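Input: a single structure, listed below in structure tokens.
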Amino acid sequence: MNYLKIFSPATVANVSCGFDSMGFALDTIGDEMTFTKTQKKGVTITQISGAKLPYNVQENAAGAVVQKMLQETKAPFGIALTIHKGFTPGSGLGSSAASAAGAAFGTNQFLQKKYTNLELTKLAMFGEKVACGTEIADNVAAAIFGGFVLVRSYHPLEIIKLPVPKKLRVVAIHPQIEIKTQDAREVLPKNIALKDGITQWANVGGLVSGLYTDNYQLISNSLVDVVAEPARKALIPFFDSVKKNALKAGALGAGISGSGPTIFALCEGDEIASKVQKVITETYSKTKIDFRVFNSKINAAGIKIIE
Ligand code: HSE
């Protein structure tokens, strides 16, 4: 194989109650990346479109991952990489994760699929560290495994792939402002009250159970975040109105996608998803802030080979 083109999905991390430990992949929004085998060893990034990102391999979430994998395996070839960003960095939709996970997955195809999905997740976490300073697994694992994932443990890393109820849809609104993950992590509480811990872990259990049993009411009851959302929502203009209106229109729940500013709403079925899309569009149209709205299925397969 000398050439490969892949689609690496955007992802929603945290899913309200599962801060740093849950995530899911979107179906239509993501990056396209190409990999071309070169005789010259090492990595070259030949084109980046859709966003301004560093061409320097060590500073690029995707480039750094490809380089690490080629070095680790002492590959007798190199890879030329192009990255087309389908959504903006700093959106809260796992932009660096899509690139890092895509890089790990794509490079693995040239290495006879030597690495397991868990190993690819670890490599992609290294890419996340290059991009935002922290080795977080929720976005990259969702992109690599597809569907919903639970990061059951970081040390050692353990990822559980969860089922996707068929009628589940996600509507997301991305206000065109940038929030850096690092900044959104600085506003988080250093400690939480025991009662908040109890609320949070009970809801994670409820959400996981709801996903396994197609219990939309239980999913809805469990989409509550008393840890990150109260601290972060002030960074997102009109968060409360969007959430209130999405719930009024029938969303199962709504919250901050990853570290924001994207706000996501989970819905049961296309009809409710369309209603939610309409009301959140109306809500933001009244503001002076530009925005993009997405309405997507959950991507159960994760990263896909396109060519
Ligand atoms: N779980 C992370 C956070 C996702 O909320 O900070 C962003 O990478």
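Sequential numbering of the sequence shown, starting at 78, is according to our numbering. Ideal placement from N, C-alpha and C gives every residue a C-beta, glycine not left out. It should be emphasised that the depicted structure is a prediction, and the values quoted were computed from it without experimental measurement.
Annotated three-state conformation of N298 is helix, per DSSP. Boundaries of the alpha helix (DSSP H) around M146: 138–149.
Beta-carbon to beta-carbon, G179 and A139 are separated by about 7 Å, close enough to satisfy the 8 Å threshold. CA-CA distance, I156 to K191, rounds to 17 Å. Distance check between V264 and each of K199, I275, G337, S230 places G337 closest, using alpha-carbon atoms only. For the pair of segments examined, the stretch 215–231 was found to touch the stretch 167–183: the number of CB pairs separated by less than 8 Å reaches three. Around the Cβ of I160, a 10 Å sphere holds 16 or more other Cβ atoms; the residue is buried. When rounded, the separation of the alpha-carbon atoms in A326 and S351 is 9 Å. Annotation: the continuous beta strand (DSSP E) that includes F371 extends over 368–374. Contact between P266 and A308 holds, with the beta-carbon distance rounding to 6 Å and staying under 8 Å.
Boundaries of the beta strand (DSSP E) harbouring I237: 234–239, taken from the DSSP string. S334 is a Cβ neighbour of A249, given a cutoff of 9 Å. About 5 Å separates the beta carbons of T88 and A220, which is inside the 8 Å limit, making them a contact pair. For the stretch 284–339, the full-length beta strand (DSSP E) segments reaching 3 residues or more read 330–333 along the chain. Around the CB of A270, fewer than 16 other CB atoms lie within 10 Å, so the residue is classed as exposed.
Put simply, of K243, G127, V143 the residue whose alpha carbon is nearest the alpha carbon of E345 is K243. Nearest in C-alpha terms to R369, of all of G210, K355, T150, M202, is K355. M110 has its alpha-carbon roughly 10 Å from the corresponding atom of I383. Under DSSP, no beta-bridge partner is assigned to P166. Shown here for G210: same chain residues with a beta carbon closer than 6 Å to its own, the five before and five after excluded, namely Q259 in chain order. DSSP places A177 within a helical segment (H, G or I) once states are collapsed to three.
Fully enclosed beta strand (DSSP E) runs of no fewer than 3 residues occupy 225–231 of the stretch 183–235, in order along the chain. Of the other Cβ atoms in all chains shown, 16 or more fall within 10 Å of the Cβ of N280; this residue is therefore buried. Comparing C-alpha distances from Q116 to each of V134, A152, V92, I122 shows the shortest one belongs to A152. By the C-beta criterion, the stretch 300–318 is judged not to be in contact with the stretch 125–133, since fewer than 3 inter-stretch pairs fall below 8 Å.
The three-state reading of DSSP puts V264 in coil, since its state is none of H, G, I, E or B. Bounds of the alpha helix (DSSP H) holding E359 are 347–362. In the displayed model, Q259 falls within a helix according to three-state DSSP. A contact is defined here as three or more CB-CB pairs under 8 Å, and the stretch 118–125 fails this definition with respect to the stretch 357–376. In the DSSP annotation of this structure, the continuous segment of the beta strand (DSSP E) that includes S85 starts and ends at 80–90. Within 8 Å of the C-beta of R262 there is at least one heavy atom belonging to ligand 1.
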